[in-house]
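>
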Amino acid sequence: MDMHGLGFALATYFIWGLLPLYLALLKPASALEILAQRILWSLVFLLAWLLLSGHLRALMRRLDLRLVGLYALAAVLISINWGVYILAVTTNRTVEASLGYFILPIVNVIIGRIALGERLSSVQAAGVLTAAAGVTYLCLGAQSVPWIAFTLALSFGFYGLIKKTAPLPAAEGLFLETAILALPAAVLLWIMGMRGELAMLHGPVSLDLLLAGSGMVTVVPLITFALAAKRVPLSTIGMLQYLAPTLQFLIGVFVFGELLTEAKLAGFAIIWCGLIVYLYGLARRPHPAALPG
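Just so you know, the sequence shown maps onto residues 1 to 293 in full-length UniProt numbering.
See the structure below:
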């Protein structure tokens, strides 16, 4: 196991787990504005990073149609993920969003097995099946398709696959993704401004600073995620991902006061048991099989 990669993964999930607390401070702004602001301020932060590090010129030399197409697909997936997640948090559905990230590890394990040939031990497989049973229980108990949860899981699952196989370093790849999204984001903000729907520059300075800071809050965990995806098997990344939604779940219930029924609690408990079993299997298997990425 690459310990640096594991450290990057843990840092990523702790930041993402606490993200609802930050997004809640932006609630005077609409979900669409927050999404567009995240994209543009992320681009500004990354551009400064690449200029200071001297990597921007090297990135420009590597650009070709195939590379741009690959990262355009990644950009679409991450924008869908961001938009739906922001919508969930700003409409008091943080617990449902956390369910999406409980489903995500199962999606990652399936993708890792089919697309990358990653293998699980019998104990790890038992953990995955247990977690899947908990997710199924929660979906059946909801008596409806939790579209927010499944959209978050599928969009980020396939985004993770692209980042696992993409050729650019973490910061350069994310810069290209946000550059592709910048024009649509700018047009969206211009339209909202014409309609008088923008919160930025029309509220307290603290809100403006928080919206600008959303770029750094967005970029840092995505870079650490990309670094982790290069070093750690996707199946392991998938199971460690449970750390973030557990924090989101706790924030949704104990900070935001969202409703938690006994049935929901039972479903989450089954998922946590699956995680414990998987991590036990991971500890017994020091050299998990994976293709180099």
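We treat Cβ as the ideally placed atom computed from N, Cα and C, and that holds for glycine.
1) Which term fits V89, buried or exposed, when burial requires 16 or more other beta carbons within 10 angstroms of its beta carbon?
2) Can you have a look at M200 and say buried or exposed, based on whether 16 or more other CB atoms are within 10 angstroms of its CB?
3) Would you kindly check if the distance between the Cβ of F256 and the Cβ of L46 is under 9 Å?
4) How would you call A153, buried or exposed, if buried means at least 16 neighbouring beta carbons within 10 angstroms?
5) Is DSSP giving G213 helix, strand or coil here?
6) Are G215 and Q37 closer than 9 Å when you measure CB to CB?
7) Report back the beta-carbon spacing between Q248 and G17 to the nearest angstrom; my notes put them in contact at under 8 Å.
8) Would G134 and A29 be called neighbours here (beta carbons separated by less than 9 Å)?
9) Could I get the ranges of all uninterrupted alpha helix (DSSP H) runs contained in the stretch 54 to 119, with 4 residues as the minimum, in chain order?
10) Is there contact here, the stretch 154 to 165 with the stretch 123 to 131, by at least three beta-carbon pairs under 8 Å?
11) Going straight from the alpha carbon of L265 to that of W147, what length do you get?
12) To the nearest angstrom, how far is it from the Cα of G267 to the Cα of F158?
13) Helix, strand or coil for G196? Go by DSSP, reduced to three states.
14) Can you give the Cα-Cα distance for D64 and L50, rounded to whole angstroms?
15) Alpha helix (DSSP H) containing A9: first to last residue?
16) Given a threshold of 16 other Cβ atoms within 10 Å of its Cβ, counted over all protein chains shown, does A263 qualify as buried or as exposed?
17) Are the CB atoms of L210 and L26 within a distance shorter than 9 Å?
18) Closest to G274 by C-alpha separation, out of E33, I103, G5, E96, would be which residue?
19) In the DSSP assignment, find the unbroken alpha helix (DSSP H) run with P245 in it and report its ends.
20) Compute the Euclidean distance between the alpha carbons of V68 and L168, then round it to the nearest angstrom.
21) Let's see if you can read the secondary structure: which residues bound the alpha helix (DSSP H) around T151?
22) Please report the Cβ distance between E177 and A58, rounded to the nearest whole angstrom; I am assuming they are in contact, meaning their Cβ atoms lie under 8 Å.
23) When the Cα of A11 is compared with those of A212, Y278, L227, E33, which residue comes out closest?
24) Check T261 in the structure and name its three-state DSSP category.
The short version:
1) When all chains shown are included, V89 counts as buried.
2) Classification of M200: buried, given that the 10 Å Cβ count is 16 or more.
3) Taking 9 Å as the Cβ cut-off, L46 and F256 do not qualify as a contacting pair.
4) By the Cβ-count criterion, A153 is buried, with 16 or more other Cβ atoms from all chains shown falling within 10 Å of its own Cβ.
5) Three-state DSSP puts G213 in a helix.
6) A contact, by the Cβ cut-off of 9 Å.
7) Right, the Cβ-Cβ distance comes to about 6 Å (below 8 Å), so this counts as a contact.
8) Contact flag unset, no.
9) For the stretch 54 to 119, whole alpha helix (DSSP H) runs of length 4 or above, ordered along the chain, are 56 to 62, 65 to 90, 94 to 116.
10) No, the stretch 154 to 165 does not touch the stretch 123 to 131.
11) Using only the alpha carbons, I get a separation of about 20 Å.
12) Rounded to the nearest angstrom, the two C-alpha atoms are 25 Å apart.
13) Coil at G196, not helix or strand.
14) C-alpha of D64 to C-alpha of L50: approximately 19 Å in a straight line.
15) Following the DSSP letters along the chain, one finds A9 inside the alpha helix (DSSP H) bounded by residues 3 to 24.
16) The residue is exposed, with fewer than 16 neighbouring Cβ atoms inside 10 Å.
17) Cβ distance < 9 Å, so L26 and L210 count as in contact.
18) Nearest of E33, I103, G5, E96 to G274, Cα basis: I103.
19) In the DSSP annotation of this structure, the continuous segment of the alpha helix (DSSP H) that includes P245 starts and ends at 243 to 250.
20) Distance between the alpha carbons of V68 and L168: 11 Å.
21) Residue range 147 to 165 is occupied by the alpha helix (DSSP H) that includes T151.
22) Contact flag wrong, Cβ pair sits at about 17 Å.
23) Minimum Cα-Cα distance from A11 among the listed residues A212, Y278, L227, E33 corresponds to L227.
24) Taken through DSSP and simplified to helix, strand or coil, T261 comes out as coil.
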